[in-house]
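What follows is one structure encoded as structure tokens, with my remarks underneath.
In our numbering, the protein residues as written are 84 to 360.
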């Protein structure tokens, strides 16, 4: 039975998720890379936080030149591009090259490259399922030096198993929150209070015309989105100090993202929340 060691480990962090681990990514090797993996007895193994490239520790074949493996990450949910800051580039995806993978995995480097560099000499997107062709959101070119492959002695195996992982940090996108109030709430003189943030978020009453005699409040600053929002906003009545109308307003989600304008007339993206009471 073959024994495998980790040549390279890629961990992807994302601060949208409360545990910091990027989920909802599916990793696939391109068609040409699948052939190389088979030829050199390498394995692509998805992990909870990214993927590993494994090598057969008992196989002694060494390639004549650096192997360039192309691994692509596909978004497993339709909101990934919404909650991820600047994941999409003009070329369609963000690309990285992982270099300096040798027998002891010293000096691993993650370098951002252009999609043009990544695609140079490489085929197009990999089909993501029967009859479905999705575009990858992240591309990795893993450059394995020829001396990294060979017969691994005990010391090499231990150094590979203890080798540091390549870390990629993705950031959550921020949106202005926009509350719409209807019904009796729209007829009262109200204000929104922030009960959580060290630097409280301030909401301004919008002067725009809202259908059905409603009214809207817009946050002055943008708020970073999260899968478990920590914000706690209350709706209070101005004319009756201390009177709480809604103890905890609903938090924004990704289902209602729209273009709007702030009070200065600048175009912004907002997360809309509708409250009818």
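All C-beta atoms, glycine included, are put in the ideal place defined by N, C-alpha and C.
Candidates the options, of which the one nearest residue i by Cα
i, options, result
"residue 258", "291, 123 and 345", "345"
"residue 332", "261, 248, 179 and 160", "261"
"residue 354", "340, 347, 102 and 348", "340"
"residue 350", "316, 312, 305 and 201", "305"
"residue 290", "156, 251 and 343", "343"
"residue 296", "264, 317 and 282", "264"
"residue 313", "101, 268, 325 and 338", "101"
"residue 316", "347, 358, 310 and 89", "358"
"residue 152", "141, 282, 111 and 164", "111"
"residue 162", "108, 360 and 318", "108"
"residue 158", "278, 194, 217 and 270", "217"
"residue 337", "115, 292 and 356", "356"
"residue 294", "311, 266, 221 and 302", "266"
"residue 326", "97, 298, 271 and 179", "271"
"residue 200", "222, 183, 192 and 191", "222"
"residue 129", "103, 91 and 123", "91"
"residue 361", "148, 307, 347 and 122", "A query on residue 361 cannot be resolved here, the shown segment of the chain reaching from 84 to 360 and no further."
"residue 123", "105, 142 and 115", "142"
"residue 96", "254, 160 and 169", "254"
"residue 165", "309, 319 and 348", "309"
Proximity test, residue i beta-carbon vs the ligand COA heavy atom, cut-off 7 Å
i, result
"residue 303", "In the structure shown, the ligand COA is absent, as is every other ligand, since no ligand is present at all."
Inter-residue Cα distance where the pair is residue i and residue j
i, j, result
"residue 139", "residue 177", "30 Å"
"residue 227", "residue 113", "16 Å"
"residue 167", "residue 321", "37 Å"
"residue 198", "residue 155", "12 Å"
"residue 330", "residue 276", "10 Å"
"residue 202", "residue 328", "56 Å"
"residue 99", "residue 256", "8 Å"
"residue 334", "residue 300", "14 Å"
"residue 94", "residue 224", "15 Å"
"residue 88", "residue 137", "5 Å"
"residue 127", "residue 118", "12 Å"
"residue 250", "residue 323", "52 Å"
"residue 192", "residue 180", "8 Å"
"residue 302", "residue 292", "17 Å"
"residue 311", "residue 103", "12 Å"
"residue 287", "residue 194", "42 Å"
"residue 125", "residue 150", "11 Å"
Residue i: first and last residue of the uninterrupted beta strand (DSSP E) it sits in
i, result
"residue 273", "273-277"
"residue 94", "87-97"
"residue 327", "327-329"
"residue 225", "221-227"
"residue 100", "Counting along the chain, residue 100 falls outside any beta strand (DSSP E), and DSSP gives it neither H nor E."
"residue 251", "249-253"
"residue 319", "316-320"
"residue 158", "150-158"
Cross-strand partners of residue i (DSSP beta bridge)
i, result
"residue 259", "353"
"residue 130", "133"
"residue 193", "181"
"residue 297", "293"
Helix, strand or coil at residue i [DSSP, three-state]
i, result
"residue 138", "strand"
"residue 116", "helix"
"residue 166", "helix"
"residue 343", "strand"
"residue 121", "helix"
"residue 302", "strand"
"residue 287", "strand"
"residue 311", "coil"
"residue 359", "strand"
"residue 323", "coil"
"residue 337", "coil"
"residue 108", "strand"
Span of the alpha helix (DSSP H), counted from its first residue to its last, around residue i
i, result
"residue 268", "267-270"
"residue 362", "Residue 362 cannot be examined here, being either before or after the span of the chain that is shown, 84 to 360."
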